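Read through the structure below, which is laid out as structure tokens, and then see the notes.
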Amino acid sequence: MNKNRYLVKTTTGEEADLTQATILKSNNLYPFGQHNYAIYETPEGVFVKALNTGEREIMLTSYELIDETSARQYSHPYFRQDS
Numbered sequence: 000m001n002k003n004r005y006l007v008k009t010t011t012g013e014e015a016d017l018t019q020a021t022i023l024k025s026n027n028l029y030p031f032g033q034h035n036y037a038i039y040e041t042p043e044g045v046f047v048k049a050l051n052t053g054e055r056e057i058m059l060t061s062y063e064l065i066d067e068t069s070a071r072q073y074s075h076p077y078f079r080q081d082s
């Protein structure tokens, strides 16, 4: 197994290779939570929305295939709340 590959399973069960993908938008602030997200575009033109479903130890926990328009216009609804 190649440990240098970034392979994810989407919500529909498909596999997406994000190894060479470009991040179009993201919020990777720590501590992790629902404010974390990333929008990826693969070299093949596949768009993936990655979200954090509330996990504090893992930055991104859910991956979904989306269309290009949704990817480019995405506005994340959550913001980090500092205590």
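Residue numbers (numbering that gives the first Met the number 0): 0 to 82.
Ideal Cβ positions, reconstructed from N, Cα and C, are used throughout, including at glycine.
All values derive from a computational prediction rather than experimental measurement.
Determine, using beta carbons only, whether residue i and residue j come nearer to each other than 8 Å.
i: Tyr77; j: His34; result: yes
Using 10 angstroms around the beta-carbon of residue i, count the other beta-carbons present and answer buried if the total reaches 16, otherwise exposed.
i: Tyr39; result: buried
i: Tyr36; result: buried
i: Leu17; result: buried
Let me check understanding here. Comparing Cα to Cα, which of the options lies closest to residue i?
i: Thr21; options: Lys8, Leu28, Phe46; result: Phe46
i: Lys48; options: Gln80, Glu54, Arg55, Thr60; result: Thr60
i: Thr10; options: Glu43, Gly32, Asn51, Lys24; result: Asn51
i: Glu13; options: Tyr62, Asn27, Gly44; result: Tyr62
i: Asn27; options: Thr68, Ala70, Ile57; result: Ile57
At a Cβ threshold of 8 Å, is residue i touching chain D?
i: Tyr39; result: Annotation note: the requested chain D is absent from the structure, which comprises a single protein chain.
Determine which residues share a DSSP beta bridge with residue i and list them.
i: Ile57; result: Ile57 pairs with nothing; no bridge assigned.
i: Asp16; result: Leu6
i: Thr21; result: Glu40
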